[in-house]
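Comments concern the structure below.
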Amino acid sequence: MRFFFPDSQDQVDPMFDFVTEEHPVHRIRQRDDRYAHEVLQHRPFDGLLISKSIVDGHGARTSARYTAGARNRLYRERARRFFRLDEVHRDVLIMGDCGAFTYFNEEEPPYSVAEVLDFYEYCGLDWGVAPDHIVFGFVRDGDPIPDEMISEWERRLDITLNNARLFLDEVSRRNCDIVPIGVAHGWSADSYAQSVSDLQDLGYVKIAMGGMVPLRSNDIVSSLEASSGVRKPETELHLLGITRVDEMRRFAQHGVTSFDSTSPFRQAFKDDTDNYYTLDSTYVAIKVPQVDGNASLKRQIKAGKVDQRAAILAERSCLEGLRAYDAGELPVEQALQRVLDYEDLVGVKKTREAEYLRTLSARPWKDCGCGICEEAGIEVIMFRGSERNKRRGFHNLAVFRDRISRNGFHSLQTTGEHT
Amino acid sequence: MTVSDQAVELRLPALAITQSPGRVLYQFAVDGKLLDDFATVSRIRRDDESAVQGYQRPESLQHITAIRKYIESDAPMIPNGIVIAFDDRVRFEPSVKSDTYSVPGEIVIPVDVSEAPELRPGWIVDGQQRTAAIRDANVSQFPIPVTAFITANEEEQREQFILVNSTKPLPRSLIYELIPGTTGMLPPSLARRKISAELLDLLNWDSESPFHWRIQTPTNPEGVIKDNSILRMLDNSIIEGYLYNFRDPVDGTGDLEAMATVVNDYWTAVSLVFPGDWNSTPRKSRLVHGAGIVAMGFLMDAMCDRLRDENRLNVDGFLAEVSLIADSCAWSSGEWELASGTKRKWNDFQNTSKDIQILANHVLAAYRNSRRTR
Numbered sequence: 001m002r003f004f005f006p007d008s009q010d011q012v013d014p015m016f017d018f019v020t021e022e023h024p025v026h027r028i029r030q031r032d033d034r035y036a037h038e039v040l041q042h043r044p045f046d047g048l049l050i051s052k053s054i055v056d057g058h059g060a061r062t063s064a065r066y067t068a069g070a071r072n073r074l075y076r077e078r079a080r081r082f083f084r085l086d087e088v089h090r091d092v093l094i095m096g097d098c099g100a101f102t103y104f105n106e107e108e109p110p111y112s113v114a115e116v117l118d119f120y121e122y123c124g125l126d127w128g129v130a131p132d133h134i135v136f137g138f139v140r141d142g143d144p145i146p147d148e149m150i151s152e153w154e155r156r157l158d159i160t161l162n163n164a165r166l167f168l169d170e171v172s173r174r175n176c177d178i179v180p181i182g183v184a185h186g187w188s189a190d191s192y193a194q195s196v197s198d199l200q201d202l203g204y205v206k207i208a209m210g211g212m213v214p215l216r217s218n219d220i221v222s223s224l225e226a227s228s229g230v231r232k233p234e235t236e237l238h239l240l241g242i243t244r245v246d247e248m249r250r251f252a253q254h255g256v257t258s259f260d261s262t263s264p265f266r267q268a269f270k271d272d273t274d275n276y277y278t279l280d281s282t283y284v285a286i287k288v289p290q291v292d293g294n295a296s297l298k299r300q301i302k303a304g305k306v307d308q309r310a311a312i313l314a315e316r317s318c319l320e321g322l323r324a325y326d327a328g329e330l331p332v333e334q335a336l337q338r339v340l341d342y343e344d345l346v347g348v349k350k351t352r353e354a355e356y357l358r359t360l361s362a363r364p365w366k367d368c369g370c371g372i373c374e375e376a377g378i379e380v381i382m383f384r385g386s387e388r389n390k391r392r393g394f395h396n397l398a399v400f401r402d403r404i405s406r407n408g409f410h411s412l413q414t415t416g417e418h419t
Numbered sequence: 001m002t003v004s005d006q007a008v009e010l011r012l013p014a015l016a017i018t019q020s021p022g023r024v025l026y027q028f029a030v031d032g033k034l035l036d037d038f039a040t041v042s043r044i045r046r047d048d049e050s051a052v053q054g055y056q057r058p059e060s061l062q063h064i065t066a067i068r069k070y071i072e073s074d075a076p077m078i079p080n081g082i083v084i085a086f087d088d089r090v091r092f093e094p095s096v097k098s099d100t101y102s103v104p105g106e107i108v109i110p111v112d113v114s115e116a117p118e119l120r121p122g123w124i125v126d127g128q129q130r131t132a133a134i135r136d137a138n139v140s141q142f143p144i145p146v147t148a149f150i151t152a153n154e155e156e157q158r159e160q161f162i163l164v165n166s167t168k169p170l171p172r173s174l175i176y177e178l179i180p181g182t183t184g185m186l187p188p189s190l191a192r193r194k195i196s197a198e199l200l201d202l203l204n205w206d207s208e209s210p211f212h213w214r215i216q217t218p219t220n221p222e223g224v225i226k227d228n229s230i231l232r233m234l235d236n237s238i239i240e241g242y243l244y245n246f247r248d249p250v251d252g253t254g255d256l257e258a259m260a261t262v263v264n265d266y267w268t269a270v271s272l273v274f275p276g277d278w279n280s281t282p283r284k285s286r287l288v289h290g291a292g293i294v295a296m297g298f299l300m301d302a303m304c305d306r307l308r309d310e311n312r313l314n315v316d317g318f319l320a321e322v323s324l325i326a327d328s329c330a331w332s333s334g335e336w337e338l339a340s341g342t343k344r345k346w347n348d349f350q351n352t353s354k355d356i357q358i359l360a361n362h363v364l365a366a367y368r369n370s371r372r373t374r
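Chains as they are written, first to last, in full-length UniProt numbering: chain G, 1 to 419; chain C, 1 to 374.
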């Protein structure tokens, strides 16, 4: 089972100073910063997923995360060197797609087949996904199919299948060595199976299952089951955007050999409670917002409702308290009290006292060997600024890798423990 | 201990300057660490009757950090003083009798740190960030000059606050032209741009450079290529392109001579391939316009690695490569035929990041395609 990590230009600055909150004056983003595979003890993924929409953007260009300079360098150096996977991690597979989630609202995919293949070729990718259009909706066996939706769903399936055909033609016309991947979409187990069958007829042996992110695990499994009826033995399936480690065994039984997901990373700073992974549990991160970086706090200071000096002092006391607790110089109750005092001043809807106490008492970062926690200590558990949040995200990726291994999948190349 | 026990008087040598009838300024020096004891920053807020009280904005922590680091450096000097408005609890005692405009004496400030900040006699009209930086700095003391006036009238204080804080910042171009000659500590945002400003300087004054006297700066108004376009082009390459290789990641300096050589070689080739367009003005030729300079800068980076590997990183090497795209360009007449099948009139490119990107994509694609078919 191969795990692909979708790139969103997430890195950490190894020279970031947690105490002064400063980067080196002359730091250059990306080039001086480090990716997950450069700071973790073990590489957490088998592959990278690069989306055209993240690199190039489209329409309103809201989705592009790359500067023009970075984009040009990606094309010039090609992905393997750009991501610094050219020396020690040569076995990482690099896969490209269009990021269909960023344009699901539009009539049609914003890119032509030729443009997409240009992008894959410029980047020098190993695998390339044909441009697809997501179908949103799922109807279980026996449920009525809503008439008003069906024509739109079919229209989107037609676009996807037609693009898959054109994409395959273009790949062979240009004679490029990218492994083409077709995307199966559907609104039911049977329509997913039909997509798989159609793509196989076109000649695809690698098929990505798209639009499954909102589906329940059982619906994914039933679609995979239905597809098993038509799937050829050599056909390999990829699940786009699906994590669900606990279900991996069931997925694998139906031909799934790879998947991708950002959720272990994103939960570090998007989730309400599950911010820090351990092998068997998750912990909430301790929120210590930056007086100068928190928009609502800034507004309150400007309005004269919160005294800026008091806020700065409470923030400092909170940070110092947490560090002193980590060093064994302050009892947990006192460190927690400082967090709660700051919470009071900032104003929160609901206190997290109990969850914070659980996190602090367990000190999960103390016995983690991911490569980040040893360096960052208690900073990794603070919900504060991207340097700490992304470090926690990288830590989660490392734990996620271990969770996959524990579930019996030992395909990760760098673990040294694969069978 | 009673409150009155904590009240002391601070007496500081001062000069009273009568600036206009009835307007007297007091100048003195005080350890910046003591400012908090007798002066406060009144922040704007609404009182219970919704009337605006006070008049100050919140501290900018980033700005404070930059000043603080400067104060902690080897030999800091802050010549511009803090401006404080005192209420009439503060008084001046002349040491000599004099009827000239300037009289020496002592300023006497009552200090009672047990009082709430807003009740302190001094209000800081200008120098809020400097005051905070001195307070936070890891130094034992830092004397700072103060200019003060005494009035019980809050409107007078507000008037001064508005006058002091509505000044216009220096134009960016002037700052960039001054940077290369600056050896002291620069704030981080400027320190980062020092290297490209220095490189620009080198290109403009070097008689061998195709940019010789052609970059417009405050002291070279006859130049036709905007300094900002050149800075963007150089910054792009220093951050993402070939010039990055000549940068010292530790202190942010760079091998300027080596950088200038590459830039000069490339743009010499450009000027030879497009002589008419190069010797024109931005209005008549998009090549020397911001869009052309920045887009062609990306092309330079696209060529450098390859030419270095082939040991052709010189004017001749660039000349051969730049010639490949000559037919795809319409710098000063005709139309650009873009890959999407659309056409654009020669001058239909503005200095926006979107247009620059379209133009850059076009020249980069033209270069890629011509290499592929050659």
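Where is the CB? At the ideal position from N, CA and C, for every residue including glycine. What you are looking at is a predicted structure, and each value in this text was computed from that prediction instead of being measured.
Would you call the stretch 201 to 221 of chain C and the stretch 173 to 183 of chain C touching, i.e. three or more CB-CB distances under 8 Å? yes
Exposure of Leu200(C), with buried meaning 16 or more beta-carbon neighbours within 10 Å: Buried, because 16 or more other Cβ atoms sit within 10 Å of the Cβ of Leu200(C).
His238(G) bridges to which residues according to DSSP? Ala208(G), Ser258(G)
Based on the DSSP secondary-structure assignment, which residues constitute the bridge partners of residue 421(G)? A query on residue 421(G) cannot be resolved here, the shown segment of chain G reaching from 1 to 419 and no further.
In chain order, what residues of the same chain have a beta carbon less than 6 Å from the beta carbon of Cys318(G), not counting five sequence neighbours either side? Val288, Arg338, Val339, Tyr342
According to DSSP, is Trp336(C) part of a helix, a strand, or is it coil? strand
So which residues of chain C does Asp402(G) contact, with C-beta pairs closer than 9 Å? Residues of chain C passing the Cβ test: none, with the nearest at roughly 33 Å.
Below 8 Å on C-beta distance, what does Val39(G) contact in chain C? Near Val39(G) there are no residues of chain C at all, since even the closest Cβ is about 17 Å away, more than 8 Å.
For Ala258(C), name the three-state secondary structure that DSSP assigns. helix
In whole angstroms, what is the alpha-carbon distance linking Thr131(C) and Phe101(G)? 50 Å
In three-state DSSP terms, what is Gln157(C)? In the structure shown, Gln157(C) sits in a helix (DSSP, three-state: H, G or I).
By a C-beta neighbour count over all protein chains shown, 10 Å radius and 16 as the cutoff for buried, is Ile109(C) buried or exposed? buried
Output the distance between the C-alpha atoms of Gln413(G) and Asp91(G), rounded to the nearest integer angstrom. Note that Gln413(G) has pLDDT 44, beneath the 50 cutoff, so the model's placement of it is unreliable and the number below is only indicative. Taking the straight line joining both Cα atoms gives about 8 Å.
With distances taken Cα to Cα, identify the nearest neighbour of Val399(G) among Lys298(G), Pro44(G), His37(G), Val19(G). Pro44(G)
Here's the rule: buried if 16 or more other CB atoms are within 10 angstroms of the residue's CB, otherwise exposed. What is Tyr266(C)? buried
Contacting residues, own chain, Cβ-Cβ under 8 Å from Arg384(G) (five flanking each side not counted): Lys287, Val288, Pro289, Gln290
At the 7 Å Cβ level, is Asp33(G) part of the contact set with chain C, yes or no? No, Asp33(G) does not count as interfacial toward chain C.
Please list, in chain order, the chain C residues whose beta carbon lies closer than 9 Å to that of Asn163(G). Here the premise fails: no neighbours, minimum Cβ distance about 18 Å.
Bridge partners for Thr40(C) per DSSP, in chain order? DSSP output for Thr40(C) lists Trp123(C) as bridge partner(s).
Within 7 Å (strictly less), CB to CB, does Ile239(C) reach chain G? yes
Chain-ordered neighbours of Tyr244(C) on chain G, where CB pairs are closer than 8 Å: Result: Ile28, Arg31.
Is it a yes or a no for the stretch 306 to 314 of chain C touching the stretch 290 to 298 of chain C, going by three-plus beta-carbon pairs under 8 Å? Below 8 Å, too few C-beta pairs join the stretch 306 to 314 of chain C and the stretch 290 to 298 of chain C to call them touching: fewer than three.
Residues that Phe28(C) bridges to, as DSSP identifies them: Ala14(C), Val146(C)
What would DSSP say about Asn162(G), mapped onto helix, strand or coil? helix
Extract the residue ranges of the alpha helix (DSSP H) inside the stretch 307 to 363 of chain C, only unbroken runs of 4 or more that lie entirely within it. 315 to 323
Alpha carbon to alpha carbon, how far is Asp112(C) from Ser4(C)? Give it in angstroms, no decimals. At Ser4(C) the pLDDT is 49, less than 50, meaning the model places this residue with poor confidence; the figure from the coordinates comes in the next sentence. Their Cα atoms are separated by approximately 8 Å.
Confirm, please, whether the CB-CB distance from Gly371(G) to Leu40(G) is below 7 Å. yes
Taking 7 Å as the limit between beta carbons, can you name the residues of its chain near Gln19(C), skipping five residues before and five after? Leu25
Is Met77(C) buried or exposed, if buried means 16 or more other CB atoms sit within 10 Å of its CB? exposed
Separation of Phe18(G) from Glu379(G), as counted between CA atoms: About 8 Å.
Taking three-plus beta-carbon pairs below 8 Å as touching, is the stretch 149 to 157 of chain G in contact with the stretch 115 to 129 of chain G? By the Cβ test, the stretch 149 to 157 of chain G is not in contact with the stretch 115 to 129 of chain G, since fewer than three Cβ pairs between them sit closer than 8 Å.
Quick one: grab the DSSP three-state call for Val245(G). Reduced to three states, the DSSP call for Val245(G) is helix.
Cα separation between His418(G) and Cys329(C)? Residue confidence for His418(G) is low, a pLDDT of 33 falling below 50, so the modelled location carries little weight; the figure read from the coordinates is stated next. The straight-line gap from Cα to Cα measures roughly 55 Å.
Extract the residue ranges of the beta strand (DSSP E) inside the stretch 133 to 207 of chain G, only unbroken runs of 3 or more that lie entirely within it. Residue ranges of uninterrupted beta strand (DSSP E) with 3 or more members, entirely inside the stretch 133 to 207 of chain G and ordered along the chain, are 179 to 184.
From the DSSP secondary-structure annotation, give me the bridge partner or partners of Asp17(G). DSSP, once it has assigned bridges, lists Glu22(G) as partnering Asp17(G).
Check whether chain C comes within 7 Å of Val25(G), counting only Cβ atoms and requiring the distance to be less than that. yes
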